[in-house]
Structure formats: structure tokens, C-alpha cells
């Protein structure tokens with residue numbers, strides 16, 4: 600493995616450890632340390648998330664003009680400023696500012712990091728590079744989550760502040776590693792005005808839409824599963840945490856295995872398999888409601904295998920497909936636009952979770968239905984020899 604690739608994996612591991620440490624504590628920090636009511640805290644953090652949706656177009660043009668590494672470094676500095684602002688926050692306005700900085704930096708990061716991974720991976724298919732990065736990031740995020748659990752066990756404002764400070768340092772550490780150990784690379788030499796437009800590329804817009812339909816399952820898994828288990832099935836309180844740890848453990852080690860298992864498939868065909876697994880996962884989770892309470896934990900753990908394998912297959916293949924479809928001179932803008940496939944479902948997922956108030960089966964029908972539509976469209980695109988077959 601080249602020095603660049605090793606350094607990139609280290610940098611992203613450090614970044615995700617910090618994110619795994621602080622993200623689960625964000626609302627706890629704002630309510631317990633800053634002292635805001637939960638409703639105000641949630642609204643303030645949500646503003647930051649929405650503000651981040653404005654960033655990808657700017658990020659994409661910046662990648663094409665200045666290079667991916669430079670934009671990723673700036674993203675880390677912006678996120679570090681956001682975490683630092685949380686440390687100094689003493690009221691709602693400061694929390695909003697911190698959330699906006701963190702949200703904008705996060706979107707800037709995701710809009711540029713996949714172009715950087717492509718740069719470091721070199722020529723040829725990028726599926727394995729994206730799979731390995733996904734495994735490292737998942738493992739690091741899981742370790743950060745375990746550290747967050749330790750902080751929650753200790754509690755107290757000092758422990759929470761240490762966690763936020765560690766998050767800020769992780770962003771800065773990632774930036775330093777990238778600056779010092781990863782070579783500066785540039786992709787494309789066509790002037791920006793000649794590089795093409797995402798909005799006129801119907802095949803790529805179709806990929807964004809199909810990916811968004813499938814990505815909804817990932818956000819629903821994180822936000823909806825605890826609600827389903829605790830509020831609807833009344834399972835043991837430890838089960839959501841165990842399922843998340845189970846998911847993290849599997850995705851940390853199975854990324855390259857998923858590629859080997861599907862190596863003879865085209866990318867759209869492999870993504871259709873990922874969609875099919877989501878549909879089966881939804882059915883299995885819903886079926887758990889009809890089982891005796893003693894059988895539900897084992898059923899949910901078994902279903903978790905399906906979701907985890909779908910997630911690793913989906914992550915590597917979808918990003919590799921988007922990278923391959925993007926014109927070299929406009930790759931930054933294309934990959935930045937592709938991030939809307941993940942940010943929009945993230946915004947919509949809480950509303951889907953809210954459908955549990957209507958019926959226990961309705962959210963599963965929505966998530967499974969979206970995955971089924973995505974899988975059907977991907978198979979159709981493959982049969983018709985679409986531009987997706989790259």
C-alpha cells in the first residue's frame with residue numbers, strides 16, 4: 600500500500616473516531632452543559648443540518664478548481680471551528696453558529712472526500728478503494744461510539760467538554776495528516792465553463808434518485824429502529840445498542856468480502872442485490888412483531904446481517920459508479936451533487952420514523968417500497984445498456 604493510501608486511511612480513521620465520539624453526545628451536550636431545553640436544542644442543531652445542504656455546489660466547484668485534498672483539509676478546519684464553538688457556547692445563538700459550522704464542514708467533507716479517495720486510488724476501478732475506506736471509517740466510528748458510551752457513563756460537564764475537545768482535535772489531526780503525508784493532486788484541466796453540467800446529465804440524475812431511494816434505509820436504520828424496538832415492540836432496552844454495535848462490527852470487516860461475492864456482477868446489478876436485501880430486511884423486522892417476545896432479539900440480529908451486507912455493498916458500489924460516470928473535468932461537481940443522494944434521505948428519515956404513530960407497518964412499507972423501486976430501476980437500466988454500466 601502506498602504512503603498516500605496509508606496516510607489517507609489514518610486521517611479518515613482519526614476523523615471518524617472523533618465523529619463517533621461526539622455525534623451521539625450532541626444533544627446531551629447542548630442540554631446538559633449549555634443548558635438549553637431539549638426542543639430548542641433540537642431546533643438549533645437541525646438548523647445546522649439544513650444549512651449544510653447549501654454547501655455541495657460550492658464544494659464541487661472548489662474541488663474542480665483547487666483539488667480535492669485542499670477542500671477536504673478546509674472541511675476539517677471548518678468542522679474543528681464548529682466543535683470549538685460548541686465548547687464556548689452559552690446560549691441558543693452560539694449553538695446555532697456551532698451547528699452551522701459543523702453542518703457546513705461535514706457537507707464540505709462528504710462533497711470532496713470521495714474525489715480525494717479516487718485521486719489516491721489512482722487509475723482503474725475504485726470499488727475496492729471505497730470498500731476499504733468504508734471499513735476503516737466504520738471501525739473508527741464504532742470505537743468513537745464506545746468512547747462516547749464511556750463518557751455517558753462518567754457524565755458531568757467536564758467529561759462532555761473533553762469529548763467535544765477531542766472531536767475538534769480529531770478534525771485538526773486529520774487535516775495535518777492530509778497536508779503532510781498526502782500528495783497534492785489535481786484532476787482535469789478543462790475550464791469550468793466547458794466541463795459540462797450535472798443538471799443536463801439524465802443518467803447521472805437518475806443515479807442520484809435511485810441512490811436516494813436506497814439510502815433512506817440507512818438513515819431509517821439509525822433513527823427508526825430504536826423507536827420500533829422500544830416503543831412498538833417493547834423489547835429489552837439494550838437491544839438497539841447491541842444491534843448498532845453488531846452492524847458496525849460487520850461493516851468494519853465485510854466490505855471487501857461483499858465485493859468478492861459480487862465480483863462477477865455489474866455495479867447496477869450489485870446495487871439491485873443491495874436493494875433486495877433491504878426489502879427482505881424490512882419484511883423480517885416487521886415479522887418480528889408477530890413473534891413471541893423471547894424470539895425477537897435473535898430475529899433482529901439475524902436480520903441485521905442482511906442490512907449490514909447491503910450497506911457495505913451499497914456504499915462501495917454506488918460511490919464507485921458515481922465516480923466512474925463523472926467526467927474528469929467536472930468530477931468535483933458531479934460527486935458533490937451525488938451527496939444529495941444521502942443528505943436528502945437524512946432529512947426525510949425522521950418524518951418516515953414519525954409514521955410509526957400511524958401504523959406499525961407503514962414505515963417499513965415506505966422504506967421497503969423505496970428500495971424495491973430502486974432495485975427495479977437499476978435492473979431496468981442494466982438490461983437497457985444504460986450509461987450506468989461503466
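Residue numbers (my numbering): 600 to 989.
Glycine is no exception: its CB is placed at the ideal position from the N, C-alpha and C atoms.
Treat the numbers as computed from the prediction; the structure is a model and nothing was measured.
(request) Could you pull out every residue in the same chain whose Cβ sits closer than 6 angstroms to the Cβ of residue 952, ignoring the five residues on either side in sequence? (result) So the list reads 822, 823 and 826, once near-sequence residues are dropped.
(request) Report buried or exposed for residue 914, applying the criterion of at least 16 other Cβ atoms within 10 angstroms of its Cβ. (result) Answer is buried; the Cβ neighbour count reaches 16.
(request) State the Cα-Cα distance for the pair residue 958 and residue 842, rounded to the nearest angstrom. (result) Straight-line Cα distance between these residues: approximately 23 angstroms.
(message) Would residue 775 and residue 711 be called neighbours here (beta carbons separated by less than 9 angstroms)?
(response) For residue 775 and residue 711, no; Cβs fall outside 9 angstroms.
(request) Below 8 angstroms on the Cβ atoms is my guess for residue 635 versus residue 629; work out the distance and round it to an integer in Å. (result) Residue 635 to residue 629, Cβ: 5 angstroms. Contact.
(request) Answer with buried or exposed for residue 706, where buried requires no fewer than 16 other C-beta atoms within 10 angstroms of its C-beta. (result) Buried.
(message) Mapping the DSSP letters down to three states, classify residue 778 as helix, strand or coil.
(response) Of the three classes helix, strand and coil, the one that applies to residue 778 here is helix, per DSSP.
(request) Kindly list the residues whose CB is nearer than 6 angstroms to the CB of residue 961, restricted to its own chain and excluding five residues on each side of it in sequence; keep chain order. (result) The beta carbon of residue 961 sits closer than 6 angstroms to those of 954, all from its chain and outside the five residues before and after it, given in chain order.
(request) Rounded to whole angstroms, what's the CA-CA distance from residue 689 to residue 858? Just pull it up for me. (result) Taking the straight line from one Cα to the other gives about 48 angstroms.
(request) Tell me whether the beta-carbon of residue 854 lies closer than 9 angstroms to the beta-carbon of residue 660. (result) Not in contact: residue 854 and residue 660 (Cβ atoms no closer than 9 angstroms).
(request) With residue 723 as the anchor, note down where its alpha helix (DSSP H) starts and where it stops. (result) That residue, residue 723, is in no alpha helix (DSSP H); it is neither H nor E in DSSP.
(message) Taking the straight line between their C-alpha atoms, what separation do you get for residue 614 and residue 736?
(response) Approximately 8 angstroms, taken between the alpha carbons.
(request) Could you pull out every residue in the same chain whose Cβ sits closer than 6 angstroms to the Cβ of residue 828, ignoring the five residues on either side in sequence? (result) Around residue 828: 834, 838 and 839.
(request) Leaving out five residues on either side along the sequence, give the residues of the same chain with a beta carbon under 6 angstroms from the beta carbon of residue 648. (result) The answer, listed in chain order, is 702.
(request) Pull up the distance between the alpha-carbon of residue 928 and that of residue 716, whole angstroms please. (result) Across the structure, residue 928 and residue 716 are spaced so that their CA atoms are roughly 16 angstroms apart.
(message) On the DSSP letters alone, give me the boundaries of the alpha helix (DSSP H) that residue 893 sits inside.
(response) Per DSSP, residue 893 belongs to no alpha helix (DSSP H) and is neither H nor E.
(request) Look at residue 620 and residue 747 and say whether their C-beta atoms are less than 9 angstroms apart. (result) Going by C-beta atoms, residue 620 is nearer than 9 angstroms to residue 747.
(request) Quick one: grab the DSSP three-state call for residue 864. (result) Looking at residue 864 - three-state DSSP - the assignment turns out to be coil, as it is neither helix nor strand.
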